[in-house]
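Using numbering that gives the first Met the number 0, the letters of the sequence shown correspond one by one to residues 0 to 192.
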Amino acid sequence: METISNEKAELRVAAQARRDALPVDARKAAAETIAARDFPLAITSGVIISGFMPLKSEINPLPLLQKLSLAGARLALPAIAGRGKPLIIRAWEFGAPLDRGQWGIREPKPEAPEVEPDILLVPLLAFDRAGYRLGYGAGYYDMTIHRLRALKPVIAVGIAFAAQEVPKIPTTPRDERLDLVLTEREVIDLRGK
């Protein structure tokens, strides 16, 4: 486990540097390209999609969330409940006020109702074609995906820049697989893997 932890730490540094090096205009264009493409899953009225507020150089999912909202999806955003705990997913819509949570991440106010999303858009530092992602290391999304999948079918969709792909993410038993990854280049369907 220590070896895997060290490998992940090294990969995080390299992945963060690679993502940070992408020009701002290229990051903006990538987000718009993903939003302009047909979404690979059917959006039925009332489907709940949890997005995220971008942190640092993360791809901006807001153009895609806007499109999905217009297609009839109900939106939600995560809130950090504390270290070692899954994220709380709260209902949200464009224009609703947000609080500043841990690390300054914008999240719904505590009075926003908790929801269980059908589709979870997931940020990442790196991903591979086996469906694994590398986050910042706290395990929030792995715990959240695990908890939600124990309740109902949930589709985890990574959203990333194509440059964030790596040959292989080192994994542990707690790492949850993604079902799809959306980049500006392609839709990567990992459900048959």
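Heads up, the beta-carbon is just placed ideally off N, CA and C, and yes, glycines get one too.
Identify every residue that forms a DSSP beta bridge with residue i.
i    : result
E164 : F126
A75  : S49 and A90
L10  : BP columns for L10 are empty, so no partner.
L119 : S49 and A155
On the three-state DSSP scale, how would you describe residue i?
i    : result
E31  : helix
A90  : strand
I3   : helix
D174 : coil
R105 : strand
R99  : strand
P203 : For the chain, the structure presents residues 0 to 192; residue 203 sits outside this window and is missing.
A159 : coil
L150 : helix
V23  : helix
R18  : helix
Go through its chain and collect everything with a Cβ distance to residue i's Cβ below 6 angstroms, but skip five positions before and after it.
i    : result
I154 : I118 and D178
W91  : L74, A75, L76 and P107
A70  : I42
Output the distance between the C-alpha atoms of residue i and residue j, rounded to the nearest integer angstrom.
i    : j    : result
D19  : T182 : 16 angstroms
Q65  : P96  : 16 angstroms
P112 : S56  : 29 angstroms
Q163 : G94  : 30 angstroms
R36  : A72  : 16 angstroms
N5   : F126 : 17 angstroms
Y139 : R146 : 11 angstroms
M87  : P152 : Checking the displayed sequence, the identity of residue 87 turns out to be Ile instead of Met. I87 and P152: Cα-Cα distance of roughly 17 angstroms.
Can you find the residues in the same chain that come closer than 8 angstroms, C-beta to C-beta, to residue i, ignoring five residues on each side of it along the sequence?
i   : result
R82 : A137
R26 : S56, I58, N59 and F160
A34 : P62, L63, Q65 and K66
Between the options, which lies nearest to residue i when the distance is taken from Cα to Cα?
i    : options                  : result
G134 : G103, P166, G157 and I87 : G157
I187 : I144, I87, L40 and P169  : L40
E31  : A129, L124, V46 and P62  : P62
E185 : R128, L86 and L123       : R128
Apart from the five residues just before and just after residue i, which ones in its own chain have a Cβ nearer than 7 angstroms to its Cβ?
i    : result
D174 : Y131 and D141
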